[in-house]
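Scroll down for the structure; my scribbles are underneath it.
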Amino acid sequence: MIKHLSATSLIVLIITGCSSSKTGLSQKVDTTLNASAKQYEYLSTKVEPGKYPKTWHDASATLETSDSGWWCSGFYPGTLLYLDESVTAPALKSEALAFLADLKREQFNTTTHDLGFMMYCSFGNAERLNPSKEYEDVLMNSAKSLATRYNPVAKCIKSWDSAPFNHASADEMPVIIDNMMNLELLFWASKFSGDPTYKDIAINHANTTMKNHFRPDYSSFHEVIYNIHTGEVTNKITIQGAADGSSWARGQAWGLYGYVVMYRETKEAKYLEQATHIADYILNNKTMPKDLIPYWDYSVAGIPDALRDSSAAAITASALIELSGYVEGGIGKKYLADAETILNTLSGPEYFAARQTNGGFLLKHGVGNIPSKSEIDVPLSYGDYYFVEALMRYKEKNKQD
């Protein structure tokens, strides 16, 4: 029947179809955000300040928590703040503030590169929503602590300090792709203080990572080891991927998100180019399923029976929504459409947990660290955080469009 329609009718039909699809997802986003708030109200009954939710083990019906020093500690209060912002949930905001009061001690922690995750995803959102001197002081102290890990010879920020993960000698330092996610805190610090030191560290780190972490096809090594005296690369390996030469899915997502941030903060074309290359590697990968929820490693053996990673998908969706606004024409529209595919899938029953199941977490089927036999096919606090962020970004983009 369609072949008998006029060209004008076809265009109207296509536009109407796209509009209906977008409207349907917008409604789904609202429903999912409301359901997420109710689910986190349930999760909040299981934890208290000082015990941050990490994951849930369904087989043993066990909630795993951490103290404030764990790299994921900022995601729970950050997600609570996002949910209150999106659906107005005063109880969740009160819960977030109680956890922030405990978490603030980490502003002086110089033993971790994860202060962006810990402090910017939590206090960064708190400061954005309700600027205060207390939040600004916490964020500045956190940026100062992170900056102590910068090596001016290698021009990058050291990741781990000790075994079993660093695989480095006393004259070496490990740097993981995850570290790209901690640079946003440094940009905030320079904008707030007027001191370019923090921004310069972030730019140097991003440039060094762009030079040494990525292969010609824009897949990424997980870990690169540098000589602290010469800056020379001494090894390129993996900790969480399937093999040293493989492409760990969440690592690709960290890289994509990180270079989108770099473009936002500097407007330098090379970072936008890097982000689009990484996005294209992810989206066009021969192992990527049609629903765009990646296997935990793009090169892992056993596909299609290998585990998927919902956390990598959530991070990718959030980054793609922002990236779509920086790229004109059909490519930008494709990035947004791909983010829509991811959000549709993650919002469905295969991945989005029914109320008061999954230990109170939102997303099922996250993969933490298979080589270390840790957090395998479970919910993950950071998967929830970036999923809610992606939903909110999509909702905001629809308002703008």
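If you count the sequence shown from 1, position 11 lands on 10 in numbering that gives the first Met the number 0, and the numbers rise without skipping.
Using N, Cα and C, we set each Cβ at its ideal position, and we do this for glycine too.
Handout entry: Rounded separation between residue 356 and residue 43 - CA only
Key = 13 Å
Exercise for the section: Determine the DSSP secondary structure at residue 53, reduced to helix, strand or coil. Expected result: strand
Exercise for the section: On the DSSP bridge assignment, give the partners of residue 62 in chain order. Expected result: 55
Problem - Coarse secondary structure for residue 327, derived from DSSP in three states - result: The three-state reading of DSSP puts residue 327 in coil, since its state is none of H, G, I, E or B.
Handout entry: Given residue 174 as reference, the closest of 158, 182 and 167 once Cα atoms are compared
Key = It is 158 whose Cα lies nearest to the Cα of residue 174.
Handout entry: Nearest candidate by alpha-carbon position, reference residue 392, set 318, 379, 213 and 381
Key = 318
Practice task
Would you kindly report the start and end of the unbroken alpha helix (DSSP H) that includes residue 376?
Solution key: No alpha helix (DSSP H) holds residue 376; the beta strand (DSSP E) holding it covers 373–377.
Problem - Of the listed residues 383, 258 and 388, nearest to residue 52 (C-alpha basis) - result: 383
Practice task
Per DSSP, which residues does residue 296 bridge with? Please list them.
Solution key: 247
Handout entry: 7 Å CB neighbourhood of residue 368 in its chain, flanking five on each side removed
Key = 239 and 374
Exercise for the section: Alpha carbon to alpha carbon, how far is residue 259 from residue 6? Give it in angstroms, no decimals. Expected result: Here the model assigns residue 6 a pLDDT of 40, short of 50, so the residue's position is not dependable, and the following value carries that caveat. Roughly 38 Å separates the two Cα atoms.
Practice task
Just tell me which of 77, 326 and 295 has its CA closest to the CA of residue 380.
Solution key: 77
Handout entry: DSSP beta-bridge partners of residue 213
Key = 219
Problem - Endpoints, the beta strand (DSSP E) within which residue 233 is located - result: 232–236
Practice task
Determine the closest residue to residue 115 out of 141, 58, 225 and 28, with distance taken between C-alpha atoms.
Solution key: With respect to the C-alpha of residue 115, the residue from 141, 58, 225 and 28 having the closest C-alpha is 141.
Handout entry: Coarse secondary structure for residue 350, derived from DSSP in three states
Key = coil
Exercise for the section: Take residue 320 and list the residues in its own chain whose beta-carbon comes closer than 7 Å to its own, dropping the five residues that flank it on each side. Expected result: 335, 338, 389, 392, 393 and 396
Problem - Touching by the beta-carbon criterion (3+ pairs, under 8 Å), the segment 268–278 and the segment 300–311 - result: no
Problem - Runs of alpha helix (DSSP H) wholly within the segment 153–211 (minimum 4 residues, chain order) - result: 182–192 and 196–211
Problem - Boundaries (first-last residue) of the alpha helix (DSSP H) holding residue 46 - result: No alpha helix (DSSP H) holds residue 46; DSSP gives it neither H nor E.
Exercise for the section: Helix, strand or coil for residue 365, going by three-state DSSP, please let me know. Expected result: strand
Exercise for the section: Report yes if the CB atom of residue 145 is closer than 8 Å to the CB atom of residue 185, and no otherwise. Expected result: yes
Handout entry: Unbroken alpha helix (DSSP H) run spanning residue 383, endpoints
Key = 380–399
Exercise for the section: Pick helix, strand or coil for residue 129, following the three-state DSSP scheme. Expected result: coil
Practice task
Check each candidate in 376, 85, 102 and 83 and name the one with the smallest Cα separation from residue 50.
Solution key: Minimum Cα distance to residue 50 is reached at 102.
Exercise for the section: Taking 8 Å as the threshold, find out whether the segment 65–80 comes into contact with the segment 120–130 through three or more Cβ pairs. Expected result: yes
Practice task
Assign residue 410 to one of three DSSP states: helix, strand, or coil.
Solution key: Residue numbering for the chain in the displayed model covers 0 to 400; residue 410 lies beyond these limits and cannot be assessed.
Exercise for the section: Return the Cβ separation of residue 155 and residue 196 in integer angstroms, given the expectation that the two are a contact with Cβ distance under 8 Å. Expected result: In fact, because the Cβ distance is near 15 Å, the residues do not count as touching under 8 Å.
Problem - C-alpha distance - residue 61 paired with residue 377, whole-angstrom precision - result: A straight line joining the alpha-carbon of residue 61 with that of residue 377 spans about 11 Å.
Practice task
Could you please give me the residues that DSSP links to residue 225 through a beta bridge?
Solution key: 172 and 232
Problem - Given residue 272 as reference, the closest of 249, 330 and 301 once Cα atoms are compared - result: Ranked by how close their Cα comes to the Cα of residue 272, the residues 249, 330 and 301 have 330 in first place.
Exercise for the section: Give every residue of the same chain whose Cβ lies closer than 6 Å to the Cβ of residue 95, excluding the five residues on either side of it in the sequence, and list them in chain order. Expected result: 76, 79 and 80
Exercise for the section: Determine the direct distance from the alpha carbon of residue 353 to that of residue 202, and round the result to whole angstroms. Expected result: 42 Å
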